[in-house]
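Colleague: Residue numbers (our numbering), protein chains in the order written: chain A, 1 to 317; chain B, 318 to 634.
Below is the structure I would like to discuss, written out as structure tokens.
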């Protein structure tokens, strides 16, 4: 049995806990969140499991028993991960986190270097996982590229109907804002998906490509009432002077053709598609749980999804 | 640079050599085939590279320089691999082979045990790769399953237009035979795709499932002139009393809807599709080359594609 401790019990943290509770082979031994509304509640009841787990939410690690993996869902920002990840590593646990910035941390940043050092000294691994970034636009295209003789470019289009997702995502994607409000919040970094650049970095790392220029455009999508229905983002990464990575993401109300499409340009040209798009919250929690069950095999340090997809197209120059 | 030696220069062996010659990061240092029509010819010209490689086809390993990986395309049968793989391991090379029976060798068979022992003693790895078995019906569904909270069943349908493939495949799939001829050759094991059972074994190994019963049905498909247009095969594997692996393969002339479709039943239900089907020969050679470039990271021994897809759904019971 894999013993998990769940740190951070917001929406995604609760969904991950529920996923772990339902998976044969996992035993949840700890649930941690200092929020006063959560401390003391039964973790299973809180997470909507439909039954109590007999496990109280604790405000910190005091009294949490020995375990194998910490599942950390506290933050989207790398700088805020030092404390929860440090605490888990100090107790000898591997760590999986849904933190978007952890999925492809700029490897030279002081935050990434510090986490890597902590993990190596603890002899454990730390990895960021999720559906996007982490799977649909990076890990999965990498695996599909293994069937390519010659890979010119990777293009991914993800079109998500925001009404099928958790309510927080509508706010993140600017649904209902005026165009002016959208603009203001965009400047403040409050709307838009963080993760396309992370996906591009994972793809480049996996394929052995060096990105020269990385450009991203974000624009609101219009609605009949003049407000925004969501967001459209497009990233283009130049490798050798040509756009070899193109990632396009639409998250909006009433999208015309929801789905994920992965094009691999080259020989043979390949186009894989799923309709509608891979469900975001469910897939993210599934990835966290599945990665947790395989984490022990990874070498110690700060790892990425690229380490989990050795089957991929490779160029060495 | 990865240095490769190509052993067996039939159709697939030539395609693999061409794929390696065109890949940045690979240098071909040896080409071996004892067939009198091939010995002495330039490997590049023979393989249709459009330019000579300046490398003669040799009848055996004599004079072949130091190298990293042997790409063995001599046979579809495990019993015939002892000699070519043994020779490569003895010289300190890792081995990738297109031998279908190597993709998921019955691990307790004497042949598999012997290859595993040879590889371990040499400190090298041996792996069977290809599009089917090896990718579309096993490695790829395994990776897609990583996005599943709960996986009830894996179903794959591959529908191939035989006219898009190498001529040998039409013979293997009984195109043009009378139904009686088909029946006779089926009994002799001369028609039909070997590999569905291998894919089922890989899936089960990767998912932690134990197959109780494995049933496979093979039937010829009819053509207007009363002869066979190809073959339809279906495999059903029972796990816990229910069919959790269903693999369906059609290889025929004038198929209605060529394509590969992967269904993952459970939560969330997923359906990934490519139309037409992943090109067989090109993808097989691509997989061989891409696997070769990543082989050094695997532990010594007889490996399978499951080792290359640590990102997957996992159950422990």
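Note that CB positions come from ideal geometry on N, CA and C, so glycine has one too.
If you're wondering where the values come from, they're calculated on a predicted model, not measured in any experiment.
Ordered along the chain, which non-local residues of its own chain (more than five positions away) have a Cβ less than 7 Å from that of residue 302 of chain A?
Modeller: Locating residue 302 of chain A in the first chain gives position 302, where the first residue counts as 1. The answer, listed in chain order, is 105, 112, 115, 116, 119 and 126.
Colleague: In chain A, which residues lie less than 9 Å from residue 454 of chain B when you measure between Cβ atoms?
Modeller: Along the second chain, one-based indexing puts residue 454 of chain B at 137. Neighbours of residue 454 of chain B on chain A: none; closest Cβ ~13 Å, over 9 Å.
Colleague: Using a Cβ-Cβ cut-off of 7 Å, state whether residue 336 of chain B counts as contacting chain A.
Modeller: Along the second chain, one-based indexing puts residue 336 of chain B at 19. Yes, contact with chain A.
Colleague: Under 8 Å by Cβ, that's how I've got residue 60 of chain A and residue 53 of chain A pegged, so tell me the actual separation to the nearest angstrom.
Modeller: Within the first chain, residue 60 of chain A is the residue found at index 60, counting from 1. Within the first chain, residue 53 of chain A is the residue found at index 53, counting from 1. Contact doesn't hold; Cβ gap of about 19 Å is too wide.
Colleague: Assuming residue 205 of chain A and residue 313 of chain A are in contact, meaning their beta carbons sit under 8 Å apart, how far apart are those beta carbons, in whole angstroms?
Modeller: Indexing the first chain from 1 puts residue 205 of chain A at position 205. Indexing the first chain from 1 puts residue 313 of chain A at position 313. That belief does not hold up - the Cβ atoms of residue 205 of chain A and residue 313 of chain A are roughly 13 Å apart, past 8 Å.
Colleague: Got a sec, what are the start and stop residues for the alpha helix (DSSP H) residue 546 of chain B sits in?
Modeller: The residue given as residue 546 of chain B occupies position 229 in the second chain. No alpha helix (DSSP H) contains residue 546 of chain B, which is instead part of the beta strand (DSSP E) from 545-556.
Colleague: Give the secondary structure of residue 410 of chain B by DSSP, where H, G and I count as helix, E and B as strand, and everything else as coil.
Modeller: Here residue 410 of chain B refers to the residue found at position 93 when the second chain is read from its first residue. Residue 410 of chain B: coil per DSSP, three-state reduction.
Colleague: With residue 72 of chain A and residue 130 of chain A assumed to form a contact (beta carbons below 8 Å), what rounded beta-carbon distance in angstroms separates them?
Modeller: For the purposes of this step, residue 72 of chain A is taken as the residue at position 72 of the first chain. For the purposes of this step, residue 130 of chain A is taken as the residue at position 130 of the first chain. Rounded, the Cβ-Cβ distance is 12 Å, inconsistent with contact.
Colleague: Whose C-beta lies closer than 6 Å to the C-beta of residue 582 of chain B among residues of the same chain, with five residues either side of it excluded?
Modeller: Start at 1 with the first residue of the second chain, and residue 582 of chain B comes out as number 265. Only 469 and 470 meet the Cβ criterion.
Colleague: Looking at residue 543 of chain B and residue 569 of chain B, is the spacing between their C-beta atoms short of 7 Å?
Modeller: Within the second chain, residue 569 of chain B is the residue found at index 252, counting from 1. Within the second chain, residue 543 of chain B is the residue found at index 226, counting from 1. In this structure, residue 543 of chain B does not lie closer than 7 Å to residue 569 of chain B by Cβ.
Colleague: Inspect the beta-carbon positions of residue 218 of chain A and residue 189 of chain A and report whether they are closer than 7 Å.
Modeller: As a first step, residue 218 of chain A is located in the first chain; it is residue number 218 there, counting from the start. As a first step, residue 189 of chain A is located in the first chain; it is residue number 189 there, counting from the start. Their beta carbons are not under 7 Å apart, which means residue 218 of chain A does not touch residue 189 of chain A by this criterion.
Colleague: Might you give, ordered along the chain, the residues of its own chain that have their beta carbon closer than 7 Å to the beta carbon of residue 200 of chain A, omitting 5 neighbours on each side?
Modeller: Working through the first chain from its first residue, we reach residue 200 of chain A at position 200. Around residue 200 of chain A: 211, 214, 235, 237, 245 and 247.
Colleague: Between the region 571-596 of chain B and chain A, which residues of the former have a C-beta closer than 7 Å to a C-beta of the latter?
Modeller: Of all residues in the region 571-596 of chain B, 584, 585, 587, 588, 589, 590, 591, 595 and 596 have a Cβ within less than 7 Å of some Cβ in chain A.
Colleague: Please return the same chain residues whose Cβ sits closer than 7 Å to the Cβ of residue 396 of chain B, not counting the five positions on each side in sequence.
Modeller: Here residue 396 of chain B is taken as the residue at index 79 of the second chain, counted from 1. Within the same chain, residue 396 of chain B has close Cβ partners 428.
Colleague: Taking a Cβ distance cut-off of 7 Å, strictly less, list which residues of the region 436-453 of chain B are near chain A, in chain order.
Modeller: Per Cβ criterion, the list reads 448 and 452.
Colleague: Would you decide whether residue 409 of chain B is buried or exposed? Buried here means 16 or more other CB atoms lie within 10 Å of its CB.
Modeller: The residue given as residue 409 of chain B occupies position 92 in the second chain. Flag for residue 409 of chain B reads exposed.
Colleague: Return helix, strand or coil for residue 291 of chain A, following the three-state DSSP convention.
Modeller: Taking the first chain and counting its residues from 1, one reaches residue 291 of chain A at position 291. Correct three-state label for residue 291 of chain A: helix.
Colleague: Check whether chain A comes within 7 Å of residue 325 of chain B, counting only Cβ atoms and requiring the distance to be less than that.
Modeller: Here residue 325 of chain B is taken as the residue at index 8 of the second chain, counted from 1. No, its Cβ sits nowhere closer than 7 Å to a Cβ of chain A.
Colleague: Which one of B/385, B/345, B/512 and B/537 has the shortest CA to CA distance from residue 502 of chain B?
Modeller: Here residue 502 of chain B is taken as the residue at index 185 of the second chain, counted from 1. If we check each option's Cα against that of residue 502 of chain B, B/537 comes out closest.
Colleague: Identify whether residue 618 of chain B lies in helix, strand or coil by the three-state DSSP scheme.
Modeller: Walking along the second chain from the start, residue 618 of chain B turns up at place 301. Strand at residue 618 of chain B.
Colleague: Per DSSP, residue 313 of chain B forms a beta bridge with which residues?
Modeller: Residue numbering for chain B in the displayed model covers 318 to 634; residue 313 of chain B lies beyond these limits and cannot be assessed.
Colleague: Any chance you could list the alpha helix (DSSP H) runs of at least 4 consecutive residues sitting entirely within the region 74-140 of chain A, in chain order?
Modeller: DSSP runs (the alpha helix (DSSP H)) wholly in the region 74-140 of chain A: 82-90, 100-103 and 110-122.
Colleague: Our contact map puts residue 374 of chain B next to residue 321 of chain B with C-beta atoms below 8 Å; I'd like the distance itself, whole angstroms only.
Modeller: The count along the second chain starts at 1 and reaches residue 374 of chain B at position 57. The count along the second chain starts at 1 and reaches residue 321 of chain B at position 4. Incorrect: roughly 14 Å between the Cβ atoms, too far for contact.
Colleague: Which residues, taken in chain order from the region 452-483 of chain B, show a beta carbon closer than 7 Å to some beta carbon of chain A?
Modeller: Cβ contacts with chain A come from 452, 456, 457, 460, 463, 464, 465, 466 and 467.
Colleague: Taking only beta-carbon atoms, is residue 600 of chain B less than 7 Å away from chain A?
Modeller: What you label residue 600 of chain B is simply residue 283 of the second chain in a count that begins at 1. It does; some Cβ of chain A falls within 7 Å.
Colleague: Does the Cβ of residue 128 of chain A have 16 or more other Cβ atoms within 10 Å, making it buried, or fewer, making it exposed?
Modeller: Counting from one through the first chain, the residue named residue 128 of chain A turns up at place 128. With 16 or more other Cβ atoms within 10 Å, it is buried.
Colleague: Which residues in chain B have a C-beta closer than 8 Å to the C-beta of residue 314 of chain A? List them in chain order.
Modeller: As a working mapping, residue 314 of chain A is identified with position 314 in the first chain. What residue 314 of chain A touches in chain B: 342, 607, 610 and 611.
Colleague: What do you reckon, are the CB atoms on residue 611 of chain B and residue 36 of chain A nearer than 7 Å?
Modeller: Taking the second chain and counting its residues from 1, the one referred to as residue 611 of chain B is at position 294. Taking the first chain and counting its residues from 1, the one referred to as residue 36 of chain A is at position 36. No. Outside cutoff.
Colleague: Candidates A/195, A/6, A/260 and A/278: which alpha carbon is nearest residue 103 of chain A's?
Modeller: The residue labelled residue 103 of chain A in the question sits at position 103 within the first chain. Of A/195, A/6, A/260 and A/278, the residue nearest in Cα terms is A/195.
Colleague: Per DSSP, which residues does residue 584 of chain B bridge with? Please list them.
Modeller: Position 267 of the second chain, counted from the start, is the residue given in the question as residue 584 of chain B. DSSP output for residue 584 of chain B lists B/467 as bridge partner(s).
Colleague: From residue 100 of chain A to residue 306 of chain A, what does the alpha carbon distance come to, in whole angstroms?
Modeller: Taking the first residue of the first chain as position 1, residue 100 of chain A is located at position 100. Taking the first residue of the first chain as position 1, residue 306 of chain A is located at position 306. For residue 100 of chain A and residue 306 of chain A, the distance between alpha carbons rounds to 15 Å.
Colleague: Using a Cβ cut-off of 9 Å, pull out every chain B residue sitting near residue 309 of chain A, in sequence order please.
Modeller: Position 309 of the first chain, counting from 1, holds the residue named residue 309 of chain A. Simply 460, 625, 626, 627 and 628.
Colleague: Using a Cβ-Cβ cut-off of 7 Å, state whether residue 49 of chain A counts as contacting chain B.
Modeller: The residue given as residue 49 of chain A occupies position 49 in the first chain. By this cut-off, residue 49 of chain A is not an interface position.
Colleague: Counting only the same chain and skipping the five closest in sequence on each side, list residues whose C-beta sits under 7 Å from that of residue 609 of chain B.
Modeller: Against the second chain, residue 609 of chain B aligns to sequence position 292. Once the five neighbours on either side are set aside, the close Cβ partners of residue 609 of chain B are 319, 321, 386, 388 and 413.
Colleague: Specify the secondary structure class of residue 359 of chain B as computed by DSSP and reduced to three states.
Modeller: Reading the second chain from its first residue, position 42 is the one you call residue 359 of chain B. In the structure shown, residue 359 of chain B sits in a strand (DSSP, three-state: E or B).
Colleague: Does chain A have any CB closer than 7 Å to the CB of residue 405 of chain B?
Modeller: Locating residue 405 of chain B in the second chain gives position 88, counting from the first residue. Not an interface residue.
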